[in-house]
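Residue numbers (my numbering), protein chains in the order written: chain D, 63 to 483; chain E, 63 to 483. Yeah, the Cβ is synthetic: ideal placement off N, Cα and C, and Gly gets one too. To keep things clear, I will list the structure first and then write my remarks on it.
Protein chains: 2
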Amino acid sequence: MRWRSLSIKFIVTSGGRRLTLVVSSVLLDGSPLPLSLPLCSGSGIMAMWRAAAGKLLGRALASRAAHTSAGSKKIVGVFYKAGEYADMNPNFVGCVEGALGIRGWLESKGHSYIVTDDKEGLNSELEKHIEDMHVLITTPFHPAYVTAERIKKAKNLELLLTAGIGSDHIDLPAAAAAGLTVAEVTGSNTVSVAEDELMRILILLRNFLPGYQQVVQGEWNVAGIAHRAYDLEGKTVGTVGAGRIGRLLLQRLKPFNCNLLYHDRLRINPELEREIGAKFEEDLDAMLPKCDIIVINTPLTEKTRGMFNKEKIAKMKKGVIIVNNARGAIMDTQAVADACSSGHVAGYGGDVWFPQPAPKDHPWRYMPNHAMTPHISGTTIDAQLRYAAGVKDMLDRYFKGEDFPEQNYIVKEGQLASQYQ
Amino acid sequence: MRWRSLSIKFIVTSGGRRLTLVVSSVLLDGSPLPLSLPLCSGSGIMAMWRAAAGKLLGRALASRAAHTSAGSKKIVGVFYKAGEYADMNPNFVGCVEGALGIRGWLESKGHSYIVTDDKEGLNSELEKHIEDMHVLITTPFHPAYVTAERIKKAKNLELLLTAGIGSDHIDLPAAAAAGLTVAEVTGSNTVSVAEDELMRILILLRNFLPGYQQVVQGEWNVAGIAHRAYDLEGKTVGTVGAGRIGRLLLQRLKPFNCNLLYHDRLRINPELEREIGAKFEEDLDAMLPKCDIIVINTPLTEKTRGMFNKEKIAKMKKGVIIVNNARGAIMDTQAVADACSSGHVAGYGGDVWFPQPAPKDHPWRYMPNHAMTPHISGTTIDAQLRYAAGVKDMLDRYFKGEDFPEQNYIVKEGQLASQYQ
């Protein structure tokens with residue numbers, strides 16, 4: 063029995079307050095040899111272990127990539143189908159038919175590339191390829207839900223790539239435990255999403271949609287629109303989360319002469335804060351009642367899931383407008399619908415739902431004063447070209463055994479990125 | 063027969079290239095004594111006459127105002143009706159029911175105040191009061207069309223006030239010839255309109271409306287939206303007209319990282335131009351083919367009426383987006399509808415039509431890829447409060463015989479404001 067040094071696997075699992083570091087190496091016959099070490103969370107030992115583990119994993123990944131680049135890979139892409147729209151725009155690469163524009167490149171390198179939109183259930187096209195695929199590419203717009211069960215079944219899986227931003231459709235602890243790498247194209251559509259947020263703020267605040275509906279229905283009733291239409295100027299806008307998208311939104315809001323607030327775990331550096339002109343609110347519950355408009359810009363994690371429930375919404379000002387392009391599951395679905403019906407929330411807009419596609423009976427389709435669409439803000443043609451290029455770049459690095467741009471990793475070296483912990 | 067010095071009327075009419083200055087004085091028996099002087103356009107004599115006329119008129123107006131403040135006035139307001147929406151918002155002052163919030167104040171001063179939305183035809187409520195009203199207040203959102211015929215009939219009329227901005231519903235040469243004063247509340251809703259323009263740019267460019275329609279119809283088809291959705295970042299935006307609203311739009315566009323162009327008669331001062339970051343385009347026809355997005359921000363005058371016809375639209379880039387919150391009659395209605403149908407124009411949005419209310423069969427209601435609403439952008443609740451205060455201020459000055467803020471005058475001292483000449 064001889065160890066095959068290039069195929070070392072390094073696995074970190076997290077369970078409760080204890081972490082167990084497992085260093086295993088795939089033997090020639092494929093069976094793992096586990097080495098288990100108990101590790102106390104929060105201790106200095108943990109930090110030491112992490113550092114040591116990082117170095118080891120760095121070598122392990124490089125080794126694996128060098129190994130994997132030698133052979134042909136099975137890559138599966140799950141995207142939304144374009145159908146009749148596929149040929150309408152040569153830059154429409156984000157759909158099944160466009161396949162990120164990388165089919166020729168992948169096949170010329172000897173890899174196989176399966177693309178589908180059929181992602182749900184045991185009889186789906188995706189399910190057929192789970193067992194032997196090496197790479198899965200999917201998007202937040204038409205997410206392939208990568209559960210712990212699917213990860214267990216995916217014995218060859220090495221890499222999960224998100225064409226876009228937001229990898230919450232993946233069971234990240236399970237992916238980490240299985241030693242997979244999860245990465246997204248950070249920054250590829252932050253501008254797209256921030257622009258869309260500002261659009262939805264204006265649509266709701268200015269009461270645009272009833273006016274549009276009047277036009278197409280042959281009507282004309284200015285009062286029916288104007289009695290609840292407001293300027294953005296002078297209003298208080300608060301963002302829950304001021305990461306990449308939140309900051310881009312604040313920058314775009316600046317010339318509108320609003321009162322800008324932000325809540326986040328950390329304060330933006332003072333210079334940027336001054337430039338943006340937004341005030342830090344350490345206590346979310348203290349910020350909520352001050353806002354005329356609240357924008358959700360936080361990732362979906364176990365901490366933020368269902369965060370905006372009935373109690374949280376009750377803390378907001380009566381007549382508040384909420385825009386959420388982050389993730390649907392951050393909200394309590396029924397609490398949002400109820401608050402729109404009662405009028406406590408004067409408008410709710412966004413492009414994210416749970417699950418996606420939203421079922422026909424999803425209450426947000428039918429609640430009053432909404433500005434909802436399918437999940438589109440991050441999949442403009444401009445964004446598609448950027449995230450397609452980002453996916454190609456990461457695949458190229460994967461084949462060559464090179465690291466990805468650091469900010470793209472969601473799971474790297476056995477550890478979740480900090481915002482997912 | 064004795065002249066009544068406080069009731070001097072000073073009338074300037076313009077006809078072709080000749081101006082005739084008529085100085086008349088109402089006699090005690092009411093008949094005018096005209097004094098007519100030929101005046102060559104463009105000559106130095108004209109400038110001299112204008113200066114002299116201005117001084118004379120200044121005295122005449124002051125005298126008239128002093129005279130008129132003594133008696134009670136009949137003031138007519140034409141606004142849109144709110145009906146069921148009237149009581150939904152205490153700040154909803156811009157409707158018939160709200161009556162600008164000045165009824166109590168006017169009546170306490172002994173004036174009569176008639177308010178209606180019934181403005182068309184010889185049997186309308188407005189028509190009943192034309193003969194003896196002193197002041198007419200109307201809005202661009204539900205305009206009372208003040209024709210030369212109506213002006214002729216309105217023997218007591220002294221003042222035409224626009225609650226808002228844009229007085230093209232008034233036959234301005236006829237109003238000037240009749241010695242009337244026409245004024246609006248300049249600046250009262252420029253921010254409101256600029257915000258709305260940016261909203262419509264985003265709605266069209268990002269293809270929001272088909273997504274919204276999918277949601278309410280129980281559908282989900284990301285491709286149907288995404289295949290023609292774009293970011294604003296990096297696009298070329300040109301404004302035709304860079305007055306108050308055009309500049310506010312450019313300032314709000316700045317953080318979107320667009321290529322900003324503007325066409326106007328005059329260049330913005332270099333410092334402001336640098337601050338806004340927009341490039342001056344002297345030749346409109348040279349600017350049009352450069353733009354991904356064109357925004358109309360020019361007043362409706364005889365020069366701009368029907369300006370964007372088939373030929374002008376053909377000069378624009380295929381796939382251009384047009385936003386027009388200025389006036390509907392600046393466009394050739396059918397040319398716009400045809401260009402949207404052919405796809406040469408990828409989207410057309412705005413809130414202005416001709417006539418208003420738009421008839422049920424107006425082609426803009428039914429053309430593809432539009433983002434039209436009734437005329438609402440300048441009548442947000444915030445704007446209503448501002449223009450109601452502005453109207454009250456001008457009425458107060460009128461009663462006291464004081465001048466209005468200079469920028470409010472459309473017709474003053476027998477001369478049209480420069481942009482209407």
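Considering Cα atoms alone, identify which of the options is closest to residue i.
i, options, result
"D:A240", "D:L457, D:Q396, D:V208 and D:G249", "D:V208"
"E:I375", "E:L350, E:I287, E:L222 and E:N387", "E:L350"
"D:T201", "D:M195, D:C320 and D:A161", "D:A161"
"E:L219", "E:G166, E:V244 and E:I164", "E:V244"
"E:H432", "E:F416, E:R262 and E:A445", "E:R262"
"D:G139", "D:S174, D:G339, D:L328 and D:E295", "D:S174"
"E:T248", "E:C320, E:I307, E:L328 and E:Q418", "E:I307"
"E:K372", "E:G228, E:A348 and E:A397", "E:A397"
"E:N387", "E:G339, E:A206, E:V255 and E:T178", "E:V255"
"E:R367", "E:G166, E:C320, E:N331 and E:F416", "E:F416"
"E:I265", "E:L294, E:P436 and E:N283", "E:L294"
Run through DSSP, which three-state label would residue i get?
i, result
"D:F318", "helix"
"E:N331", "coil"
"E:G286", "helix"
"D:C353", "coil"
"E:Q418", "coil"
"D:V197", "strand"
"D:V453", "helix"
"D:E220", "coil"
"D:Y207", "coil"
"E:F461", "helix"
"E:L311", "helix"
"E:Y147", "helix"
"D:I213", "helix"
"E:L447", "helix"
"E:H478", "According to the sequence shown, residue 478 of chain E is Leu rather than His. In this structure, E:L478 counts as strand in the three-state DSSP scheme."
"E:I358", "strand"
"D:D230", "coil"
"E:L511", "Absent from the model: residue 511 of chain E. The displayed extent of chain E is 63 to 483, so no value can be given."
"E:L225", "The sequence as given places Ala at residue 225 of chain E; Leu does not occur at that position. DSSP places E:A225 in coil when its eight states are reduced to three."
"D:R389", "coil"
"D:G249", "coil"
"D:G166", "helix"
"E:P152", "coil"
"E:E337", "helix"
"E:L346", "helix"
"E:R427", "helix"
State the beta-bridge partners of residue i as determined by DSSP.
i, result
"E:H432", "E:Y410"
"D:H325", "D:V302"
"D:K136", "D:S174"
"D:L142", "Note on residue identity: the sequence assigns Tyr, not Leu, to residue 142 of chain D. Partner(s): D:C157."
"E:F466", "In the DSSP output, where bridge partners are listed per residue, E:F466 has none listed."
Identify the continuous alpha helix (DSSP H) that holds residue i and give its terminal residues.
i, result
"D:V244", "No alpha helix (DSSP H) contains D:V244, which is instead part of the beta strand (DSSP E) from T243 to E246."
"D:V277", "F270 to V278"
"E:V398", "T395 to S404"
"E:A236", "L234 to A239"
"E:K372", "K372 to A376"
"E:I192", "E187 to I192"
Using a threshold of 8 Å, is the CB atom of residue i nearer than that to any non-hydrogen atom of the ligand HEM?
i, result
"D:G463", "The model depicted lacks the ligand HEM and carries no ligand whatsoever."
What first and last residue would you give for the beta strand (DSSP E) that runs through residue i?
i, result
"E:T252", "Here E:T252 belongs to no beta strand (DSSP E); instead the alpha helix (DSSP H) covers T252 to L267."
"D:K474", "Y471 to K474"
"D:I384", "V382 to N386"
"E:A340", "A340 to F342"
For the stretch 364-381 of chain D against the stretch 398-415 of chain D, are there 3 or more C-beta pairs whose distance is under 8 Å? yes
Measuring CB atoms only, is the stretch 255-269 of chain E touching the stretch 281-295 of chain E, in the sense that at least three cross pairs come out at less than 8 Å? yes
The stretch 356-371 of chain D / the stretch 307-315 of chain D touching (three or more Cβ pairs under 8 Å): yes
Does the stretch 435-452 of chain D come into contact with the stretch 222-229 of chain D, if we say contact requires no fewer than three beta-carbon pairs (one atom in each stretch) closer than 8 Å? yes
Any 3 or more C-beta pairs closer than 8 Å across the stretch 287-307 of chain E and the stretch 147-156 of chain D: They touch, by the three-pair rule.
Pairing CB atoms from the stretch 183-193 of chain E with CB atoms from the stretch 419-439 of chain E, are three or more of them under 8 Å? no
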